[in-house]
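What the sequence shown shows, in the numbering used here, is residues 487 to 746, in sequence order.
Beta carbons are placed, not taken as given, at the ideal position from N, Cα and C, and that holds for glycine.
It should be emphasised that the depicted structure is a prediction, and the values quoted were computed from it without experimental measurement.
The structure under discussion appears below in the form of structure tokens.
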Amino acid sequence: MRKHFWWISCVSLVGFIIIIGWTPVKTNKNNASFKTAPTAKELFAQYVNTVYQTARLQETGLDVEVFQKALTGYFNIKSANKLPQNSSIITVVDLAKSSCQKRMWIIDLLSKQLLLNTWVAHGQGSGDDMATTFSDINDSHQSSLGFYLADDVYMGKHGRSLRLDGLDEGFNGSARARGIVVHAADYVGEGAIAEMGRLGRSFGCPAVSPHVVDQVINTIKGKTVFFINGNDANYTSKYLSEDIFSSFSAPDSTSVLASN
């Protein structure tokens, strides 16, 4: 009788140990899942890559690092309530590239589509084919780097044009006073490149071809983000702050790209 009781006790003990032994495995899986959840910064990087790949921006020559800077600025500007709620268009101009390249990109972040990739001129004071120097000083005839808002349309000496408001004080804050606008210029396009080996140059404005000026203006007018990148180690902007990553969540059509 005692032997029978001892045998039953041993079987029960072994069964209990097996049950206990399996319990931590489930807990460990939950812990592993928790540890691998992406951070807000990783979510932002994933979002940048998704738009970059979907819009096929690499094929058109836009560097992903420049695109990430532009999007960082976009979400910071959005968070500062400087954009209309439904503003999903961003323009990127990369003056680190030759004027012979199509170095302006207009992108719809909501649909993840490239709307236009075209040529754009820089200021004659900034260099010939390559823009190497930048200024916010009046009559410098140089381009100014940084973030702008593409604002209102008017008729000027270059025809239908679009005013730009600089957001980076010390780098482009004098844009409106300097008359820095998007306008048409005959010296922008394949013909100019064939004739001079580069585009013509403006007095500091991001001038575009007459063939696309209306498309550009109609697409980006009404306060959209306009970012000009260039090779200048001195350029800084509060809109490049990575603090925005801490509250980032991937936008969708219902949030209309709101980040706060």
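When DSSP states are grouped into helix, strand and coil, R589 belongs to the coil group. In this structure Q628 is in contact with S612, their Cβ atoms being roughly 5 angstroms apart against a cut-off of 8 angstroms.
With the rule of 3 Cβ pairs closer than 8 angstroms, the region 636 to 643 does not count as touching the region 718 to 735. Straight-line measurement puts the Cα of M616 at about 21 angstroms from the Cα of T722. Counted as a single uninterrupted DSSP element, the alpha helix (DSSP H) harbouring V702 occupies residues V699 to I706. Taking every protein chain shown into account, the CB of T558 has 16 or more other CB atoms within 10 angstroms, so this residue is buried. Remark: C-beta atoms of L648 and L635 do not approach each other more closely than 8 angstroms. Secondary structure at G686: coil, using DSSP grouped into helix, strand and coil. Distance between I730 and T619, taken at the CA atoms: about 30 angstroms.
In the three-state reduction of the DSSP assignment, G677 falls in the helix class, which pools H, G and I. Straight-line measurement puts the Cα of V667 at about 25 angstroms from the Cα of T546. The closest CA to that of Y533, considering only A671, Q554, V702 and I563, is found on Q554. The beta carbon of N624 lies closer than 8 angstroms to those of S660, A663 and R664 in the same chain, with the five residues before and after it left out.
By the Cβ neighbour-count rule, D700 is exposed, with fewer than 16 other Cβ atoms within 10 Å of its own.
Looking at the DSSP output, T618 sits in no beta bridge, so it has no partner there.
Contact annotation: G686 and A671 have beta-carbon atoms nearer than 8 angstroms.
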